[in-house]
Structure formats: C-alpha cells, structure tokens
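In case it helps, our numbering puts the sequence shown at residues 38 to 311.
The beta carbon of each residue, even a glycine, is placed where N, CA and C say it ideally should be.
Here the structure is a predicted model, which is why all the values come from computation and not from measurement.
Working notes, structure below.
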Amino acid sequence: MTLLVRNEEDIVAENIRFHRALGVDSFIVMDNRSTDSTRNILKDLSRDIPIEYLHQPEDTYDQRTWVTQMARHAARDHGADWVINTDADEFWTPTEGGLKALLSRLDARTGTLAVKRHNAVVVTDSHDKLAGRSHPSLTTLFEAESRNNLGRPLPGKVLHRAIPDVSVAQGNHAVEGVPGETELAGDRLRILHFPHRTLGHYKQKIRLGGAAYARNDRLPKGLGATWRAHFAGLEDGTVDRFWQDIVHFAKDLRSGIRSGSLFHDDVVAAFLRA
C-alpha cells in the first residue's frame with residue numbers, strides 16, 4: 038500500500054493499523070512537508086509494521102508523479118503482487134474477509150479493480166453546523182451516493198496488479214500500463230472516505246493543497262478543480278457555507294437511513310475502538 042500524506046496526525050495511524058489487520062504486507066509512505074506529528078507517528082508504527090518512509094520536500098502536489106514512483110517501487114523492490122494507492126482518509130473495507138482473500142478470488146484476467154468511495158456523514162450534536170465532524174473511530178454512517186465538493190459524482194479509486202512501469206493518474210482514480218481487464222468491485226469492497234473531519238482541518242488542507250496546485254505549472258488547470266475552487270473561496274465564506282451544507286444534525290439522521298441515502302457500516306469504528 039502506498040500513501041501520500043501531509044499533516045495527517047489525526048488519522049494516519051488508524052489507517053495503517055486497519056489495513057495491516059486486513060492483510061496489507063507493507064507500506065510505502067511519502068510525507069510531503071508535514072509540520073505536525075505525522076513523521077513521529079510513522080516512526081513509532083514502523084517498529085512493528087513494515088513501513089518505508091520517504092520525504093518529499095517539493096510543495097507542488099505533483100501527486101501523479103510521486104504516487105507513480107511509489108507504485109513502481111512497490112513492484113520492483115518490495116515484491117508486491119497487488120498495489121493499493123490510497124490517501125490517509127480512505128479505508129478500503131471488504132464486506133467479507135480480508136483483502137488477500139478478496140484478491141485471490143479475482144479472475145486471472147483482471148489487472149485492475151475499480152472501487153466505489155462513500156463519504157462519511159458529518160454530524161453535529163449542537164445547533165452549530167460549523168462544529169460538525171467525522172472520524173473513523175466515531176463515524177458509522179456513510180453516503181450511498183457521494184458527490185465531490187463541487188457537487189459532481191465522487192470518482193472511485195482503483196487497486197492494481199504490481200507492474201514496474203505502471204503510471205498512476207492524478208487523484209489515484211486510474212492507472213495506465215497494467216495488462217488485463219478492469220473489474221468492478223461492486224459490493225465486495227468499498228472505500229469509506231473521511232475527507233471532512235473538522236472544519237479547521239479541512240481549511241488547512243485546502244489552504245496548503247490549493248496553494249501547492251497553484252504553484253504547479255506542469256499540471257493542466259482542470260486537474261484539482263475541487264481544491265482550486267475551495268482555495269479561491271477560503272476568505273469569502275464559500276467554505277463555511279459548504280460545510281454547513283454537508284453537516285447533518287444528529288436528530289435528522291433516521292430519515293436518511295430510512296430513505297436509503299445513508300447506510301451503516303461499523304467495521305472501521307469497531308476495529309479502532311477494540
């Protein structure tokens with residue numbers, strides 16, 4: 038599993054411990070200029086879990102180049118059979134068994150497995166929607182059909198057979214150079230996604246990531262559209278209004294469950310609480 042991280046102290050240990058328990062053999066983690074305790078957390082985890090730590094000092098969010106490097110490294114130097122390129126806020130959750138069992142049952146012709154993402158429901162118990170939060174240790178409700186921050190259908194992610202010359206697209210939504218067919222995971226595997234943990238964390242992420250995108254003159258301006266749009270709206274209240282729109286009052290959740298727009302999954306939370 039490869040991860041590209043920046044200031045993920047609130048979630049990176051949970052991510053690695055969860056996926057390790059599901060059968061991930063080793064992790065390649067590229068730390069892009071973290072200023073919190075992310076690096077120390079990774080160092081502590083590496084005492085018990087195989088983690089290769091890579092430092093990435095550039096501030097251009099050249100994700101496709103960096104993740105491609107890690108994916109190729111996994112194939113060439115780690116002896117990987119399959120590679121999952123993920124973010125710290127994504128938890129790949131099989132509906133039955135572990136990841137290895139799922140992968141062992143795939144057709145030999147399958148080179149890539151496409152997996153749907155479901156955003157965690159952001160909830161507040163108070164009257165202040167700006168106080169809404171989600172976290173993998175707390176949240177057990179998810180959106181059946183998620184949309185990105187611009188209101189468009191949320192794209193999924195892929196895992197792929199390890200190939201030394203694979204190329205990973207910006208956002209980790211697709212790969213090139215992997216022989217075989219792309220299979221849809223369907224209900225066998227889903228990604229529980231926690232991009233909106235607190236408003237403060239989200240603003241910091243947009244501030245850093247949006248500025249990095251602006252500095253990268255190699256990427257088409259159409260890439261990173263959600264980051265760029267919210268970066269431009271940090272100071273005019275756009276992000277606060279967005280946050281208020283996505284937050285649910287706890288008392289209103291039952292209607293979403295009844296309608297089928299929300300679903301319950303406590304696999305991650307139960308693991309982290311154990």
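To the nearest angstrom, how far is the alpha carbon of ALA311 from that of VAL305?
Each residue's Cα considered, the two are about 10 angstroms apart.
Please say whether ASP68 and ARG57 have beta carbons closer to each other than 8 angstroms?
No, the pair does not count as a contact, with Cβ atoms beyond the cut-off.
Tell me the rounded alpha-carbon separation between LEU79 and HIS210.
Per the coordinates, the alpha-carbon of LEU79 lies some 25 angstroms from the alpha-carbon of HIS210.
May I have the straight-line CA-CA distance separating PRO192 from ASN156, to the nearest angstrom?
Cα to Cα, PRO192 sits roughly 11 angstroms from ASN156.
By the three-class DSSP mapping on this structure, what secondary structure does ASP68 have?
ASP68: strand per DSSP, three-state reduction.
Enumerate, from N- to C-terminal direction, the unbroken alpha helix (DSSP H) stretches of 4 or more residues contained entirely within the region 68-132.
Taking only runs of at least 4 residues, the alpha helix (DSSP H) segments lying wholly in the region 68-132 are 75-82, 100-114.
Helix, strand or coil for LEU175 per DSSP?
In this structure, LEU175 counts as coil in the three-state DSSP scheme.
Mark HIS267 as exposed unless 16 or more other C-beta atoms lie within 10 angstroms of its C-beta, in which case mark it buried.
Label assigned to HIS267: buried.
Give me the DSSP bridge partner(s) of ILE228.
DSSP links ILE228 through a beta bridge to TRP129, ARG154.
Compare the Cα-Cα distances from GLN281 to each of LEU256, TRP264, ALA251, TYR239 and report the closest residue.
Nearest C-alpha to GLN281: TYR239.
PHE231: which of ARG291, ASN186, ALA269 sits nearest, CA to CA?
Per the Cα distances, ASN186.
Could you tell me the distance, in whole angstroms, from the CA atom of GLY297 to the CA atom of ARG101?
For GLY297 and ARG101, the distance between alpha carbons rounds to 35 angstroms.
In the structure shown, what three-state DSSP assignment does THR235 receive?
If DSSP states are grouped into helix, strand and coil, THR235 belongs with coil.
Spatial neighbours of THR177 within its chain, please: CB distance less than 6 angstroms, with the 5 preceding and 5 following residues excluded, ordered by chain position.
Same-chain partners within the cutoff: HIS301, ASP303, ALA306.
Just tell me which of VAL195, ASP224, ILE53, ARG113 has its CA closest to the CA of PRO201.
The shortest Cα separation from PRO201 among VAL195, ASP224, ILE53, ARG113 belongs to ARG113.
ILE243: buried (16+ other C-beta within 10 angstroms of its C-beta) or exposed?
Answer is buried; the Cβ neighbour count reaches 16.
Leaving out five residues before and five after TRP264 in sequence, what residues of the same chain have Cβ atoms less than 7 angstroms from its Cβ?
Excluding positions up to five away in sequence, the list reads ILE243, GLY246, GLY247, TYR250.
Please go through the same chain and pick out, in chain order, the residues whose beta-carbon is closer than 6 angstroms to the beta-carbon of GLU180, but skip the five residues on each side of it.
Contacts found: HIS155, ASN156.
Can you check whether the CB of PHE55 is closer than 8 angstroms to the CB of LEU309?
Yes, the Cβ-Cβ distance between LEU309 and PHE55 is below 8 angstroms.
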